[in-house]
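Engineer: I have a structure I would like to understand better, so I am pasting it below and will then ask my questions one at a time.
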């Protein structure tokens, strides 16, 4: 059973930084994509970034490109999202997700709240 557990959310001022972590278990994830999505109040969930756990290849939403960095831990069971230059519009619940097939994220964590104050 796949389990994804996020941590690292919190309250930060605009311009600050946070690092989110996602601990994955229940599979050998070397052939999976792990990604981050977010959902702000009253809005639909949106893609933030993903990483291929085998190749290390990454992809970002335009809204976070240059500010956020997704990376994997050495054991390939942890994924990080380093968020710099945070803006109030980055406020959302951030979810870790896993996909065995590219683009088909069907495993989800419970989410972690990120709040950026102006």
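In the numbering used here, the protein residues as written are 193 to 310. For each residue, glycine too, the CB sits at the ideal point set by N, CA and C. Quick caveat, the model's predicted, so the values are computed rather than measured.
Mark residue 304 as exposed unless 16 or more other C-beta atoms lie within 10 angstroms of its C-beta, in which case mark it buried.
Structural biologist: By the neighbour-count rule (16 or more Cβ atoms within 10 Å), residue 304 is buried.
Engineer: Leaving out five residues on either side along the sequence, give the residues of the same chain with a beta carbon under 8 Å from the beta carbon of residue 223.
Structural biologist: Excluding positions up to five away in sequence, the list reads 245, 246, 292.
Engineer: What does residue 269 pair with, by DSSP beta-bridge criteria?
Structural biologist: Paired residue(s): none; residue 269 is not in a bridge.
Engineer: If you follow the beta strand (DSSP E) that residue 247 is part of, which residue opens it and which one closes it?
Structural biologist: From DSSP, residue 247 is part of no beta strand (DSSP E); its letter is neither H nor E.
Engineer: Just the Cα atoms here: how many angstroms apart are residue 258 and residue 274?
Structural biologist: Rounded to whole angstroms, residue 258 to residue 274 spans 11 Å at the Cα level.
Engineer: Out of curiosity, what's the CA-to-CA distance linking residue 199 and residue 288?
Structural biologist: Computed Cα separation, rounded: 10 Å.
Engineer: Assign residue 222 to one of three DSSP states: helix, strand, or coil.
Structural biologist: In the structure shown, residue 222 sits in a helix (DSSP, three-state: H, G or I).
Engineer: Between residue 308 and residue 204, is the Cβ-Cβ spacing less than 8 Å?
Structural biologist: The answer is yes: Cβ separation under 8 Å.
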